[in-house]
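In the working numbering, the protein residues as written are 1 to 236.
Read through the structure below, which is laid out as structure tokens, and then see the notes.
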Amino acid sequence: MDIAVLVGIYGAYPEYAKRVLGGIVEEQLPSDDSIQLHVAVSNGCRETISYLRELFDGGSLDTLFESKANINKDPMMRVLIDQVSTKYFLWIDDDSVLRPGWAAAMLSFVRRNNFFDGAGHVHSYARDDEYLKFLSKRPWFRREPRSSSVYFPTGGLFLARTAFVRQQSFPDKGMIKKQDDLLFGDCIEQVGGKLLDFSNDDQIMSRISISCGARRGSGEEGFGNGWLDVNPTTGF
Numbered sequence: 001m002d003i004a005v006l007v008g009i010y011g012a013y014p015e016y017a018k019r020v021l022g023g024i025v026e027e028q029l030p031s032d033d034s035i036q037l038h039v040a041v042s043n044g045c046r047e048t049i050s051y052l053r054e055l056f057d058g059g060s061l062d063t064l065f066e067s068k069a070n071i072n073k074d075p076m077m078r079v080l081i082d083q084v085s086t087k088y089f090l091w092i093d094d095d096s097v098l099r100p101g102w103a104a105a106m107l108s109f110v111r112r113n114n115f116f117d118g119a120g121h122v123h124s125y126a127r128d129d130e131y132l133k134f135l136s137k138r139p140w141f142r143r144e145p146r147s148s149s150v151y152f153p154t155g156g157l158f159l160a161r162t163a164f165v166r167q168q169s170f171p172d173k174g175m176i177k178k179q180d181d182l183l184f185g186d187c188i189e190q191v192g193g194k195l196l197d198f199s200n201d202d203q204i205m206s207r208i209s210i211s212c213g214a215r216r217g218s219g220e221e222g223f224g225n226g227w228l229d230v231n232p233t234t235g236f
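Here it is as structure tokens:
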């Protein structure tokens, strides 16, 4: 069984890139299993770029996209999702940590559950008016939420069904970074999808740590920075 791993790398933090990618390329996979590894780097420093190109030239990366500018998380995710040929993919922020055995744990979870649209370390969060305004403009929005809170998989590391996010155009072109994990949870809820929580799966949780780094770059400030008030299809 194959699974695709998508990693977004950002900025002058080569220690994060080396930590997360080392945990992937050095992983011992179960027999007959393989990992497609697709990486995008945004505003990377020279050390980071050199390291990524070495991995790519050595055959460890299936895809490497580079941007000198900070295009932010969701544009990187859109580019990488286009490369996926597996049923499911695992998105990983560069400041998350993988320990030996993580791949077998993820593959076992996918096999046991067979079908879902998203999965991760699920949390809930109360929607505010600013968020609801942006939510209502998403291409997959159907109706007002039934409750005040949204359940979502933590965005630093989550599983998604490839066909689902492509069908829903997630993340759409109006999304940059801010609260995109909440929006994924709302997307699943809006269209009647299936969200699974692996928070109680010790085989997974003992082998991952999510978001082990400081907030970096733009996209986390107020309205109009992490979100774009644009047409979600065209981006204008």
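Note that beta-carbon positions come from the ideal geometry of N, C-alpha and C, so glycine has one too.
As the structure is a computational prediction, the values presented were derived from the model and not from experiment.
- Item | Stretch pair the stretch 79-93 + the stretch 129-139: three plus CB contacts closer than 8 Å | no
- Apply the 10 Å Cβ neighbour rule to Val20 and answer buried if 16 or more other Cβ atoms are within range, or exposed otherwise. buried
- Three-state class that DSSP yields for Arg142 in the structure shown: coil
- Less than 9 Å separating the beta-carbons of Val41 and Leu29? no
- Three-way DSSP call (helix, strand, coil) for Tyr13 in this model: coil
- Query: If Phe170 sits next to Phe158, beta carbons under 8 Å apart, how far is it from one beta carbon to the other, in whole angstroms?
  - Reply: So it is not a contact: roughly 12 Å between Cβ atoms.
- Message: Please state the DSSP three-state secondary structure of Pro232.
- Response: Confidence is the limiting factor: at Pro232 the pLDDT is only 48, short of 50, which leaves the residue's position unreliable and the question unanswerable from this model.
- Query: Excluding sequence positions up to five away, which residues of its chain have a Cβ less than 6 Å from the Cβ of Gln83?
  - Reply: His38, Thr63
- Message: Just to confirm the assignment, what range does the beta strand (DSSP E) spanning Glu66 have?
- Response: 63-67
- Item | Length of the line joining the Cα atoms of Tyr125 and Asp57 | 42 Å
- Item | Separation of Leu182 from Ser149, as counted between CA atoms | 10 Å
- Query: Which two residues bound the contiguous alpha helix (DSSP H) that contains Val110?
  - Reply: 102-113
- Apply the 10 Å Cβ neighbour rule to Arg161 and answer buried if 16 or more other Cβ atoms are within range, or exposed otherwise. buried
- Query: Which residue's Cα is closest to the Cα of Gly155: Arg46, Ala69, His123, Gln167?
  - Reply: His123
- Query: Since Phe116 contacts Leu196 with CB under 8 Å, what's their CB separation in whole angstroms?
  - Reply: 5 Å
- Message: Is the separation between the beta-carbon of Ala103 and that of Pro153 shorter than 9 Å?
- Response: no
- Can you tell me whether Arg138 is buried or exposed, with buried defined as 16 or more other CB within 10 angstroms of its CB? buried
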